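Visitor: Sending over a structure as structure tokens; questions will come in a sec.
Residue numbers (full-length UniProt numbering): 1 to 90.
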């Protein structure tokens, strides 16, 4: 079985982020319908970031917690950890 580039990208994203098919199942649209996905995520208050091609990246941890019924702190989920650039100057 030959693995294509699209499948490789999706396998790489499955660790921390939902893949295209998983997100499409959640949203109820086609896996390539990025605008539909972003619209649904915005309307339902799901935090996401877009990659360089506009695909919405949704945290797998957030997805699992939200679907399990746990109270999810969106502000904490949206916080980014920035690298310590000052360490490069030393």
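Note that CB positions come from ideal geometry on N, CA and C, so glycine has one too.
Since this is a predicted model, take the numbers as computed values, not measurements.
Helix, strand or coil: how does DSSP classify residue 62 here?
Guide: Residue 62 sits at position 62 when you count from the first residue of the chain shown. In the structure shown, residue 62 sits in a helix (DSSP, three-state: H, G or I).
Visitor: Give the range of the alpha helix (DSSP H) segment to which residue 82 is assigned.
Guide: As a working note, residue 82 is residue 82 in the chain shown. Where residue 82 is concerned, there is no enclosing alpha helix (DSSP H), given that its DSSP letter is neither H nor E.
Visitor: Could you give the distance in angstroms between the alpha-carbon of residue 26 and the alpha-carbon of residue 65?
Guide: Here residue 26 refers to the residue found at position 26 of the chain shown. Here residue 65 refers to the residue found at position 65 of the chain shown. Each residue's alpha carbon lies about 14 Å from the other.
Visitor: Mapping DSSP to helix, strand and coil, what is residue 26?
Guide: Walking along the chain shown from the start, residue 26 turns up at place 26. Of the three classes helix, strand and coil, the one that applies to residue 26 here is helix, per DSSP.
Visitor: Can you list, in chain order, the residues of its chain with a C-beta nearer than 6 Å to that of residue 49? Leave out the 5 residues immediately preceding and following it.
Guide: The sequence position of residue 49 within the chain shown is 49, counting from 1. Excluding residues within five positions, the ones whose Cβ falls inside 6 Å are 57.
Visitor: Taking residue 35 as the reference, which of 54, 47 and 83 has the closest Cα?
Guide: In the chain shown, counting from the first residue as 1, residue 35 sits at position 35. Residue 35 has its Cα closest to that of 54, out of 54, 47 and 83.
Visitor: Measuring straight from C-alpha to C-alpha, what distance separates residue 21 and residue 60?
Guide: Residue 21 sits at position 21 when you count from the first residue of the chain shown. Residue 60 sits at position 60 when you count from the first residue of the chain shown. Distance between the alpha carbons of residue 21 and residue 60: 13 Å.
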